[in-house]
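Report on the structure given below.
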Amino acid sequence: EAASELLRPRLGSFELEGRDKVRKVLVEFIRDDSHEVGLAWEAYGLLQIAFPETAVSDRTDIMTSFFKRGRSDLACLVFGHMRQAEEPAKRPKPDTYAKCFQGIARAGDAQNLELVHNMLKLDVEVDLNTRILNGLMLAHAACDMPEKGMEIFRDILQSDEGPSPYTIAIFFKVCEKHHNGTLEAMKMMKKLKTLEMSAYRRLYTAYIETLGAQGEFDFGTEAIDSMQSETGFEPTRNT
118 EAASELLRPR LGSFELEGRD KVRKVLVEFI RDDSHEVGLA WEAYGLLQIA FPETAVSDRT
178 DIMTSFFKRG RSDLACLVFG HMRQAEEPAK RPKPDTYAKC FQGIARAGDA QNLELVHNML
238 KLDVEVDLNT RILNGLMLAH AACDMPEKGM EIFRDILQSD EGPSPYTIAI FFKVCEKHHN
298 GTLEAMKMMK KLKTLEMSAY RRLYTAYIET LGAQGEFDFG TEAIDSMQSE TGFEPTRNT
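Going by our numbering, the sequence shown opens with residue 118, and the numbers climb by one from there.
Structure representation (structure tokens):
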């Protein structure tokens with residue numbers, strides 16, 4: 118608070134380089150999780166007032182830091198401030214949306230998932246890409262909305278960019294809680310055998326996790342027994 122009071126009357130006289138110096142230290146302070154979350158949030162409030170020019174990349178890092186602290190509510194407030202910015206350059210980029218949905222997924226924050234998803238629907242400046250949709254699908258899976266996750270997966274399949282290997286891994290996460298998840302996962306595995314082997318191995322492990330989550334003991338143990346012949350790799354302790 119004392120540093121803030123010292124700064125306020127002097128800030129207007131600083132050249133750009135001087136402002137950048139102070140701003141960078143302030144951003145680092147906010148991101149440093151050794152500080153109490155209340156102090157970090159107060160410092161963010163100062164950043165909002167004193168340094169409105171702060172780039173989206175720095176604000177995205179700050180948002181991510183609050184997710185890491187387990188404060189999804191504060192992280193989504195930071196995202197909301199970006200979304201409300203008047204200048205297009207200060208508004209969220211596709212990468213910002215993707216990281217926000219990933220943070221929401223880790224927190225299992227269904228309330229803020231709906232809020233940020235609605236912001237995305239209204240954002241005409243952001244083109245949906247596979248990375249954003251991957252994050253959105255992961256968040257719905259984590260928030261116990263597998264049916265919605267399946268809808269997003271179908272949207273990815275129909276998009277110009279199409280799915281990535283990460284998309285398929287998230288698909289198996291959706292299958293873990295979907296009412297028809299076992300059948301959907303088995304159908305997917307039949308399509309995946311043409312993949313390059315190391316990618317197939319990672320997805321095969323995700324498939325086994327799905328069978329476990331669905332309580333399919335017989336299918337799960339059969340998949341583990343078949344792992345070496347299917348992927349070329351023996352089951353590990355993690356498997």
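We treat Cβ as the ideally placed atom computed from N, Cα and C, and that holds for glycine.
Ranked by Cα distance from His296, the first of Lys307, Met267 and Cys193 is Met267. One thing to note: Pro211 has its Cβ no nearer than 7 Å to the Cβ of Asn251.
Annotated as proximal: Leu253 and Phe218, with beta-carbon spacing under 7 Å. Separation of His234 and Thr327 (C-alpha to C-alpha, rounded to the nearest whole angstrom) is 26 Å.
DSSP places Arg186 outside both helix and strand once states are collapsed to three, so it counts as coil. Taking all protein chains in view, the Cβ of Ile166 is surrounded by fewer than 16 other Cβ atoms within 10 Å, so the residue is classified as exposed. Note that the C-beta distance between Glu333 and Thr299 is below 7 Å. DSSP places Pro205 in no alpha helix (DSSP H); its state is neither H nor E.
Of the other Cβ atoms in all chains shown, 16 or more fall within 10 Å of the Cβ of Gly220; this residue is therefore buried. Taking the C-beta atoms as reference points, Ala215 is found nearer than 7 Å to Ile249. Counting only residues of its own chain and dropping the five nearest sequence neighbours on each side, Ala160 has a CB closer than 7 Å to the CB of Leu143, Phe146 and Ile147.
Sequence-distant Cβ neighbours of His257 in its own chain, meaning closer than 6 Å and more than five residues away, are Lys265 and Gly266.
The segment 312-326 and the segment 282-293 touch, with no fewer than 3 CB-CB distances between them shorter than 8 Å. Between Phe168 and Arg140, the alpha-carbon positions lie close to 7 Å from each other. The alpha-carbon separation between Glu351 and Ala259 amounts to approximately 29 Å. Rounded to whole angstroms, the Cβ separation of Ala224 and Phe184 is 7 Å, and the two are in contact under 8 Å. Spanning the alpha carbons of Gly337 and Lys307 requires a straight line of approximately 16 Å. Closest in alpha carbon position to Leu156, among Asp261, Gln331, Ala286 and Arg186, is Arg186.
Under the three-state reduction of DSSP, Phe334 is assigned to helix.
DSSP, read as helix, strand or coil, puts Met262 in coil. The closest CA to that of Glu170, considering only Thr181, Ala206 and Ala227, is found on Ala206. Judged by DSSP in its simplified three-state form, Glu145 adopts helix. For Asp212, the secondary structure class from DSSP, reduced to helix, strand or coil, is helix.
For Lys304, the enclosing alpha helix (DSSP H) begins and ends at Gly298 to Leu309. Distance from the CA of Phe270 to the CA of Thr284, rounded to the nearest whole angstrom, comes to 8 Å.
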